[in-house]
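Novice: Sharing a structure with you now.
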Amino acid sequence: MENKNQKLKDIVYNYVRDEIVAFKLEPGKRLLEEDIAKILGVSRTPVREAFSTLSAEGFLEILPRRGAIIKDITLKDLQDILIVREELELLAIKLAIPNIDEEILGELEKAKNNFEQAVNTHEVVKMIAADINFHDIIFNCTQNKQLINILKNLKEQLYLYRAIYIREKASLTEIIEDHKEIYESLKSKDIEKTKLAISSHIKNQEKSLKVQFQVKGIGIK
């Protein structure tokens with residue numbers, strides 16, 4: 000029964016998150032448990048549980064007597080996340096490089112290629128998954144459970160900003176080139192070069208986010 004409940008919660012969670020990421024649910028919109036339950040054919044319990052998780056991850060805001068509201072994300076929110084991400088990834092590089100071997104390089108190359116293929120077929124969800132996988136491979140090589148757990152908790156917050164910057168065509172070309180640079184630097188086991196590649200990768204994303212926020216006027220406060 001517990002596995003079934005978890006599966007139903009995951010179905011609700013993925014549906015609502017993907018609708019938010021695709022901007023089909025706009026900031027400030029109120030979400031009713033009964034509406035989502037009806038759409039997905041589930042009870043309100045997994046919906047309530049999924050809403051709680053989405054609230055903890057910054058997608059929703061639960062307000063007294065109003066229920067779940069799509070949270071309005073700001074550029075400052077995303078910049079704050081990027082600052083934390085950069086520092087954690089630089090630490091991850093330091094710890095991971097001694098454990099990079101041919102098998103890991105093969106996994107990284109596959110993830111890198113999967114991202115390029117998703118770009119060519121214009122599949123946003125697959126792009127995000129491939130980008131996450133590329134960085135997860137590096138994180139897991141740190142063999143540091145505490146760092147991996149911290150990065151795991153940050154991952155879902157990163158999901159939303161990935162969905163924003165990945166929609167800008169110019170940023171896709173930069174991400175492909177950044178992945179190549181990171182891969183080659185890891186292959187040569189050059190810590191400083193890899194750190195520079197990671198920092199450049201994150202700064203490129205921040206630049207892309209600024210452009211999209213200014214053009215679309217979203218989240219500017």
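For the sequence shown, numbering that gives the first Met the number 0 assigns the number 0 to the initial residue and increments by one for each residue that follows.
Virtual Cβ for every residue (Gly too), placed ideally from N, Cα, C.
State yes or no: is the C-beta of residue 46 within less than 8 Å of the C-beta of residue 36?
Specialist: Against a cut-off of 8 Å, the Cβ pair of residue 36 and residue 46 comes out as a contact.
Novice: Per the contact definition of three or more C-beta pairs closer than 8 Å, is the segment 115-125 in contact with the segment 93-103?
Specialist: No contact exists between the segment 93-103 and the segment 115-125.
Novice: Around the Cβ of residue 174, are there at least 16 other Cβ atoms within 10 angstroms (buried) or fewer (exposed)?
Specialist: It counts as buried.
Novice: Assuming residue 199 and residue 177 form a contact by the criterion Cβ under 8 Å, report the distance between their Cβ atoms to the nearest whole angstrom.
Specialist: Right, the Cβ-Cβ distance comes to about 7 Å (below 8 Å), so this counts as a contact.
Novice: Output needed for residue 70: all residues of its chain with C-beta closer than 7 Å, excluding positions within five of it in sequence on either side, in chain order.
Specialist: 26, 57, 58, 59 and 60.
Novice: Just the Cα atoms here: how many angstroms apart are residue 248 and residue 94?
Specialist: Nothing about residue 248 can be read from this structure; the chain reaches only from 0 to 220.
Novice: Which of the three DSSP states is assigned to residue 99 in this structure?
Specialist: Coil.
Novice: Ordered along the chain, which non-local residues of its own chain (more than five positions away) have a Cβ less than 6 Å from that of residue 132?
Specialist: Within the same chain, residue 132 has close Cβ partners 110.
Novice: Helix, strand or coil for residue 29 per DSSP?
Specialist: In the structure shown, residue 29 sits in a strand (DSSP, three-state: E or B).
Novice: State the DSSP-derived secondary structure class of residue 67, mapped to helix, strand or coil.
Specialist: Here residue 67 sits in strand by DSSP.
Novice: What whole-angstrom Cβ distance do residue 52 and residue 91 have, given they're in contact under 8 Å?
Specialist: Going by Cβ atoms, the distance from residue 52 to residue 91 rounds to 25 Å, so no, they are not a contact pair.
Novice: Rounded to whole angstroms, what's the CA-CA distance from residue 184 to residue 65? Just pull it up for me.
Specialist: One C-alpha to the other measures close to 50 Å.
Novice: Would you give the residue range spanned by the alpha helix (DSSP H) that residue 127 belongs to?
Specialist: Looking at the DSSP string, the run of the alpha helix (DSSP H) that includes residue 127 is 123-139.
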